[in-house]
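Oh and the sequence shown: position 160 is 161 in the numbering used here, straight run, nothing missing. Cβ coordinates follow ideal geometry from the N, Cα and C atoms, glycine included. Reading through the structure tokens given below for one structure.
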Amino acid sequence: MLMEKRQAFSNIALSRALAETGTGEGVETALATELLYGVLRWRGAIDYIIDRHSRYPVARLTLPIKNILRLGIYQLYFLTRVPAYAAVDESVRAARRYAHKGAAGLVNAILRHLPADIEDNDWPDLHEDPIGYMSARHSHPAWMVERWITTYGFDAALSICQANNERPPLTLRANLLKTTSEELRRSLAEKGYQVSSGRLFPEALNLATGAGIWNTPEYIEGLFQPQDEASMCVAHALSPMSGQNVLDLCSAPGGKSTHVAELMANRGRILSVDINAARLQLLQSNAIRLGIGIIDTLQMDAREFADKINECFDAVMVDAPCTGTGSLRRKPEIKWRLLPEKLQELPELQRAILNEAACAVRPGGVLVYSVCSIEPEEGSDIISSFLSANREYMPVNLSDRLPACLHMDLLTDGNRRSTITIADEERSDMVTGALRLLPGVHGTDGFFLAAMQRRADNGG
Numbered sequence: 002m003l004m005e006k007r008q009a010f011s012n013i014a015l016s017r018a019l020a021e022t023g024t025g026e027g028v029e030t031a032l033a034t035e036l037l038y039g040v041l042r043w044r045g046a047i048d049y050i051i052d053r054h055s056r057y058p059v060a061r062l063t064l065p066i067k068n069i070l071r072l073g074i075y076q077l078y079f080l081t082r083v084p085a086y087a088a089v090d091e092s093v094r095a096a097r098r099y100a101h102k103g104a105a106g107l108v109n110a111i112l113r114h115l116p117a118d119i120e121d122n123d124w125p126d127l128h129e130d131p132i133g134y135m136s137a138r139h140s141h142p143a144w145m146v147e148r149w150i151t152t153y154g155f156d157a158a159l160s161i162c163q164a165n166n167e168r169p170p171l172t173l174r175a176n177l178l179k180t181t182s183e184e185l186r187r188s189l190a191e192k193g194y195q196v197s198s199g200r201l202f203p204e205a206l207n208l209a210t211g212a213g214i215w216n217t218p219e220y221i222e223g224l225f226q227p228q229d230e231a232s233m234c235v236a237h238a239l240s241p242m243s244g245q246n247v248l249d250l251c252s253a254p255g256g257k258s259t260h261v262a263e264l265m266a267n268r269g270r271i272l273s274v275d276i277n278a279a280r281l282q283l284l285q286s287n288a289i290r291l292g293i294g295i296i297d298t299l300q301m302d303a304r305e306f307a308d309k310i311n312e313c314f315d316a317v318m319v320d321a322p323c324t325g326t327g328s329l330r331r332k333p334e335i336k337w338r339l340l341p342e343k344l345q346e347l348p349e350l351q352r353a354i355l356n357e358a359a360c361a362v363r364p365g366g367v368l369v370y371s372v373c374s375i376e377p378e379e380g381s382d383i384i385s386s387f388l389s390a391n392r393e394y395m396p397v398n399l400s401d402r403l404p405a406c407l408h409m410d411l412l413t414d415g416n417r418r419s420t421i422t423i424a425d426e427e428r429s430d431m432v433t434g435a436l437r438l439l440p441g442v443h444g445t446d447g448f449f450l451a452a453m454q455r456r457a458d459n460g461g
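This is the structure in structure tokens:
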């Protein structure tokens, strides 16, 4: 309820709840984590089921009853190790404790009369109402489903929704300043973790579950940093060299800054700028833990950088604020909070920050723009308009900087080529400078990035 009343993020709300109850690592923590993220991922489908089996629609139910029913239905359909009678009895007891008189009877009646198989619920017809079907059965807002079908086609949109409802692995980036991925793999495997190699980068490792990982000597000693492989693409697209002067706008909590520092062998300088002081402190803590000494931090609104800081950099990266639609498998609450209006508001901010960053790139330097979004308005549209308005910038060939397995994926949306609108044909080389990754297609979070170089002569 903390999440819905105060709009807290799932990981923060869970940490606070566990701390308040004194719950440590173990079965109870694992179950609480499963229930929280499971209900958030499947809330749309669960609410649809409630509406079909309750005499009161979800919108009219009080928050305690609503969440008790959601937890009960999730356990019935998705936690097969929990006996059905136990899930029902626990839900009824919770209703007696937290809800109004009579709620226990309502909860009991709904849960005991659900079909045994989730597929036997009365879902919208796939052929007559594909948007309604995908929205209800695969638990995404209808407006989101509709735009993805329009942008990517039905099959790709379906794969995105399905991927968003899966439990993602915990991806770690081995800190190559202190260890190797193979040494880290062996060390974690000895502690019982199921570790596999990442798909894209040698420094990436995937863990089936990360229970207790933050208390291990490997984390405390800075042998790794959590980071999805999509996000790791940014530092490799930037391709920094040891000794360079690098700017990271919108940098906190520092996953990309610290990755760049590692690729630079901790030699040179990185200025990490962010508007949030608390997140900058987290960046500094991470840098210390990882043994990185070349990062300076600066609290500032990125939109004011060029006006206040008269300095040019060899490389600049901008991980702009965005809707986060590429990270729904990790932050499922975004599905239920995001409104279409945000896609009209955020591009203005993204363009403003990108323009500030562009002013800070020296002639011949590289600029990388990224968002953890799969919406064209926040990715390809931003870069199209930027390149059209800034003739001194040209795309960088990402096939020289990213893994060979991504070469065929450059600017693709599943099985069809992505479209980027450009001002004139001579700018068509920009397709080599951008990459979109989709959940369910590339095995990573959804992501967009573009790499551009400022011409050495500053000309057009």
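Practice prompt. Note down, in chain order, each residue of its chain lying with its Cβ closer than 6 Å to the Cβ of G244, except the 5 sequence neighbours on either side.
Written response: Result list for G244: R268, G269, in chain order.
Worksheet item: Given a threshold of 16 other Cβ atoms within 10 Å of its Cβ, counted over all protein chains shown, does C162 qualify as buried or as exposed?
Response: buried
Worksheet item: Which one or two residues does DSSP pair with M301 in a beta bridge?
Response: Answer by DSSP bridge pairing: none, since M301 is not bridged.
Discussion item. With DSSP as the reference, identify every bridge partner of D315, one or two as the case may be.
Written reply: D315 is not bridged to any residue.
Practice prompt. Compute the minimum distance between the beta carbon of I271 and the heavy atoms of the ligand MG, and state whether it is under 6 Å.
Written response: The ligand MG is not part of the structure shown, which contains no ligands of any sort.
Discussion item. Can you find the residues in the same chain that come closer than 6 Å, C-beta to C-beta, to G444, ignoring five residues on each side of it along the sequence?
Written reply: R200
Item to complete: With DSSP collapsed to three states, give me the class of V372.
Response: strand
Fill in: CB-CB length for G256 against Q228, believed under 8 Å
With a beta-carbon spacing of about 5 Å, G256 and Q228 fall inside the 8 Å limit used to define contacts.
Worksheet item: So, are the CB atoms of E357 and R304 less than 7 Å apart?
Response: yes
Fill in: Whole-number beta carbon distance between N216 and P170, since they are thought to touch under 8 Å
Not really, about 19 Å apart at Cβ, beyond 8 Å.
Worksheet item: In the structure shown, what three-state DSSP assignment does R174 receive?
Response: Under the three-state reduction of DSSP output, R174 falls in the strand class.
Practice prompt. Taking only the alpha-carbon atoms, compute the straight-line gap between T30 and A175 and give it to the nearest angstrom.
Written response: 26 Å
Worksheet item: Would you call the CB atoms of V369 and V274 closer than 7 Å?
Response: Going by beta carbons, V369 and V274 fall outside the 7 Å limit.
Practice prompt. Identify, in the order they occur along the chain, each residue of the same chain with its Cβ nearer than 7 Å to the Cβ of E167, setting aside the five sequence neighbours on each side.
Written response: R330
Worksheet item: Is the segment 44-64 touching the segment 176-184 in the sense that three or more CB pairs, one from each, lie closer than 8 Å?
Response: no
Worksheet item: Would A231 pass as a contact of G441 if the rule is Cβ separation under 7 Å?
Response: Result no, Cβ atoms of A231 and G441 do not sit closer than 7 Å.
Worksheet item: Does the Cβ-Cβ distance between R113 and W124 come in under 7 Å?
Response: no
Worksheet item: Which two residues bound the contiguous alpha helix (DSSP H) that contains Q351?
Response: Taken as a continuous stretch (DSSP letters only), the alpha helix (DSSP H) holding Q351 covers 343-360.
Fill in: Beta-carbon proximity check, R290 vs P254, cutoff 7 Å
no
Discussion item. When you compare the segment 97-109 with the segment 299-317, are there three or more beta-carbon pairs, one atom per stretch, that lie closer than 8 Å?
Written reply: Not touching, per the Cβ criterion.
Practice prompt. Give a yes or no on contact between the segment 96-103 and the segment 41-51, applying the rule of three or more CB pairs nearer than 8 Å.
Written response: Pairwise C-beta distances place the segment 96-103 out of contact with the segment 41-51, as fewer than three of them are shorter than 8 Å.
Discussion item. My output table needs one value for D118: the three-state DSSP class, helix, strand or coil.
Written reply: coil
Worksheet item: In its own chain, which residues sit with a C-beta less than 6 Å from the C-beta of I51, not counting the 5 before and 5 after it?
Response: V59, L70
Item to complete: Please look up how many angstroms separate the CB atoms of S258 and D249, rounded, as I've assumed it's under 8 Å.
Response: Indeed, because the Cβ distance is near 5 Å, the residues count as touching under 8 Å.
Item to complete: Closer than 8 Å by C-beta to S160: which residues in its own chain qualify, once you throw out the five before and the five after it? Chain order, please.
Response: G415, L439, P440, G441, V442
Practice prompt. Indicate whether the contact test is met: 3 or more Cβ pairs, each with one atom in the segment 347-362 and one in the segment 303-322, closer than 8 Å.
Written response: The segment 347-362, when compared against the segment 303-322, does touch it at the 8 Å Cβ threshold.
Worksheet item: Cα separation between E448 and A104?
Response: In the sequence on display, residue 448 carries Phe and not Glu. Distance between the alpha carbons of F448 and A104 is about 43 Å.
Discussion item. For P116 and L77, I'd like the C-alpha separation in whole angstroms.
Written reply: Each residue's Cα considered, the two are about 10 Å apart.
Fill in: Range of the contiguous beta strand (DSSP E) that encloses D446
Where D446 is concerned, there is no enclosing beta strand (DSSP E), given that its DSSP letter is neither H nor E.
Discussion item. C251 and D320 - do their beta-carbons sit closer together than 7 Å?
Written reply: yes
Fill in: Cβ contact (3+ pairs, closer than 8 Å) linking the segment 337-344 and the segment 394-405
no
Discussion item. Distance check for L403 and L350, CA to CA, integer angstroms please.
Written reply: 28 Å
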